[in-house]
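Read the structure below first, then the notes.
Numbering (our numbering), first residue to last: 144 to 458.
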């Protein structure tokens with residue numbers, strides 16, 4: 144009897160020009176097969192960035208001579224974020240040996256980092272990660288809810304009435320003020336805090352970015368808050384969605400009700416654009432934000448989970 148081919152590690156190292164086309168082609172093919180986004184926006188931007196002095200690292204596994212799985216890790220403020228992409232049927236978990244091969248390929252590369260904190264995000268549509276992550280030395284430490292709300296005519300009118308005054312972002316003019324508010328509001332946040340002009344510029348240059356979708360609340364001498372919205376095209380599983388991608392209020396303005404007004408402004412803006420479903424992501428343990436979103440009628444649609452590997456000393 145012919146034995147099935149054994150998976151092998153085809154590459155492990157920084158994302159470089161020689162492998163970038165094959166890596167992105169593989170991820171795009173998996174996305175087309177499954178009908179929804181596979182890579183997060185942040186990770187895709189990091190892979191595409193040819194100028195970074197700290198590129199992502201990747202491990203790529205083949206079965207026979209065919210690419211079967213990749214694990215990609217990108218730097219964050221507190222370590223690394225890991226995502227795994229593999230060819231498999233959603234109703235079945237992928238072969239454990241293939242996933243172990245690519246994840247171990249990345250952890251081997253990063254175990255000498257200080258700190259070697261690696262966060263593996265498990266999307267709700269990939270429940271198999273929960274079982275494999277524990278076996279590979281990862282511990283669940285964070286849950287992220289996606290909440291949704293209908294942007295019907297009735298809700299749209301309510302959002303309009305409760306919205307703060309906003310205007311669109313002006314490229315080339317508002318970057319400094321936006322960064323000031325963002326980094327003050329997210330001073331301790333792993334992904335959103337500590338942004339640089341270069342990080343913001345990469346988002347502004349992204350194909351999905353529309354300056355008018357980044358709503359700013361102007362005050363004398365600057366801005367007091369923002370609501371960055373994003374439009375998602377429909378796919379095989381989802382209708383068109385309008386997301387509150389990031390929202391913040393300057394810490395000096397907290398407690399004045401501006402946060403809720405900015406949420407209203409964001410959803411009002413999306414409703415005017417003809418989008419019928421609004422959504423956002425919120426940490427499950429952020430009880431204040433959860434209470435605010437529930438108070439306007441939002442409900443949890445699904446939950447993603449993050450698993451953390453603290454390096455060989457702690458694993």
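Beta carbons: idealized from backbone N, C-alpha and C, even for Gly.
All values derive from a computational prediction rather than experimental measurement.
Check: 4 or more residues per run - each alpha helix (DSSP H) lying fully within the stretch 307 to 382; Outcome: 318 to 328, 340 to 347
Check: Residues of its chain near residue 151, where Cβ-Cβ distance is below 6 Å and the 5 sequence neighbours each way are ignored; Outcome: 205
Check: Candidates 275, 293, 281, 216, of which the one nearest residue 252 by Cα; Outcome: 216
Check: Reference residue 419, options 336, 281, 163, 296, closest by Cα; Outcome: 296
Check: Which of helix, strand or coil DSSP assigns to residue 161; Outcome: coil
Check: For residue 155, three-class secondary structure by DSSP; Outcome: strand
Check: Whole-number beta carbon distance between residue 390 and residue 324, since they are thought to touch under 8 Å; Outcome: Wrong, their Cβ atoms sit about 11 Å apart, outside the cutoff.
Check: Helix, strand or coil at residue 408 [DSSP, three-state]; Outcome: helix
Check: For residue 409 and residue 387, believed in contact at Cβ under 8 Å, the rounded distance; Outcome: 5 Å
Check: Three or more C-beta pairs below 8 Å linking the stretch 355 to 363 and the stretch 301 to 309; Outcome: yes
Check: DSSP state of residue 396 mapped onto helix, strand, coil; Outcome: helix
Check: Cβ-Cβ distance between residue 321 and residue 369 below 8 Å; Outcome: yes
Check: Residue interval of the alpha helix (DSSP H) (run including residue 448); Outcome: Looking at the DSSP string, residue 448 is not in any alpha helix (DSSP H); the run it does join, the beta strand (DSSP E), is 442 to 452.
Check: Residue 403 to residue 397 span [Cα, whole Å]; Outcome: 11 Å
Check: Boundaries of the beta strand (DSSP E) in which residue 285 is found, first to last residue; Outcome: 282 to 293
Check: Per-residue burial, residue 222 [other beta carbons within 10 Å of its own, 16 or more giving buried]; Outcome: buried
Check: Close-in-space but distant-in-sequence residues of the same chain around residue 382 (CB under 8 Å, 5 per side omitted); Outcome: 419, 420
Check: Buried versus exposed, by CB contacts within 10 Å (16 or more), residue 440; Outcome: exposed
Check: Of the residues 177, 207, 170, the one placed nearest residue 190, counting alpha carbons only; Outcome: 170
Check: CB of residue 245 within 8 Å of CB of residue 212, strictly; Outcome: yes
Check: Closest residue to residue 372 among 154, 347, 254 (Cα-Cα distance); Outcome: 347
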